[in-house]
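J.: Here you go, one structure.
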Amino acid sequence: MHKVLELLVLAALSSCGVGFSEDFCALRITVVSTEGEVTQYPFPVALLDPSDKVIERTVLRNGQASFCDFGFDDHSVAIGYEEEEGCSPTIIRHLRLRLGYHQELKVIDNPCKGWGFSSFNCGFYLRIRDDTGQKLAGAEIWSNGKVLLRADGYGRAHVAVMNGTTRESEVKSPGYRSEQIHLSCGRDQQFEREIILHRAQP
């Protein structure tokens, strides 16, 4: 009887071990547009401690960011956050480590309005027309094989680019030849570009 109890106690103690059978990432965030599409913007993302001090930074890649290793304290995640300069960041609070579990969060992008893309630092104001001067409402700006955004009724669009990066894009409109554009951001600049599309040959 004592031997059986001893074996049961040893089994219980072994089940309380601190090792994990496989690696786990504590938290993964996916950011989507209001239409439900994964965003291609490289939003800055920060993991904050209980005092809102940044303890880890990253940027979205293909709409995702991960914070795999943090402690038991109450944490927050801020998307579109650069301390005092962030533009309308989305902040998720009261996140806690769950040992052995992958936590997945889906966040809807709440973009800044107008020129306030301070999380990106460079803005490209595109005015899209054809070679007769007609403004191309609804022209599409493509990046990485997907529609990044569409021009308004006056053929205007604003593309945000982070400091020190380059965005290769393509402007398309039905009945017109597409135009490749190269958007390169040095630091804290705003640009105005006129994009002229030519009609496709029948």
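Numbering-wise (the working numbering), the sequence shown opens with residue 1 and increments by one. A virtual CB, placed ideally from N, CA and C, is assigned to each residue, including glycine.
Quick check on DSSP: helix, strand or coil for G145?
T.: Three-state result, G145: coil.
J.: Write down the C-beta distance between L183 and D130 rounded to the nearest angstrom, noting that I regard them as a contact closer than 8 Å.
T.: Rounded, the Cβ-Cβ distance is 21 Å, inconsistent with contact.
J.: Which runs of the beta strand (DSSP E) spanning at least 3 residues fall entirely within the stretch 51 to 82, listed in chain order?
T.: Segments of the beta strand (DSSP E) lying fully in the stretch 51 to 82: 54 to 59, 64 to 67, 75 to 79.
J.: Which residue comes first and which comes last in the beta strand (DSSP E) that contains R199?
T.: Where R199 is concerned, there is no enclosing beta strand (DSSP E), given that its DSSP letter is neither H nor E.
J.: Looking only at its chain, what residues have a beta carbon closer than 6 Å to the beta carbon of E194, apart from the 5 residues adjacent to it on each side?
T.: Same-chain partners within the cutoff: R127.
J.: Are the Cβ atoms of G133 and G164 separated by less than 9 Å?
T.: Their beta carbons are not under 9 Å apart, which means G133 does not touch G164 by this criterion.
J.: Using only alpha-carbon positions, find the residue among G155, Y125, L149 that is nearest to Q190.
T.: The shortest C-alpha separation from Q190 is found at Y125.
J.: For S33, name the three-state secondary structure that DSSP assigns.
T.: Of the three classes helix, strand and coil, the one that applies to S33 here is coil, per DSSP.
J.: Output yes or no for whether 9 Å exceeds the beta carbon distance between L136 and A151.
T.: Taking 9 Å as the Cβ cut-off, L136 and A151 qualify as a contacting pair.
J.: Please list the terminal residues of the continuous beta strand (DSSP E) segment that includes S184.
T.: S184 -> beta strand (DSSP E) spans 179 to 184.
J.: For C68, is the classification buried or exposed, using 16 other Cβ atoms within 10 angstroms of its Cβ as the cut-off for buried?
T.: When all chains shown are included, C68 counts as exposed.
J.: Could you have a look at G155 and say whether DSSP puts it in helix, strand or coil?
T.: The answer is coil: DSSP assigns G155 none of H, G, I, E or B.
J.: Identify which residue in V31, K146, T58, V54 has its Cα closest to the Cα of P44.
T.: Here the closest residue by C-alpha is T58.
J.: Are the CB atoms of C122 and D188 nearer to each other than 9 Å?
T.: Yes, Cβ-Cβ distance for C122 and D188 is below 9 Å.
J.: Identify the residues that DSSP records as bridge partners of R167: which are they?
T.: Looking at the DSSP assignment, R167 forms a beta bridge with L183.
J.: In three-state terms, what does DSSP make of G254?
T.: For the chain, the structure presents residues 1 to 202; residue 254 sits outside this window and is missing.
J.: Assign E104 to one of two classes, buried (16 or more other C-beta atoms within 10 Å of its C-beta) or exposed (fewer than that).
T.: Exposed, because fewer than 16 other Cβ atoms sit within 10 Å of the Cβ of E104.
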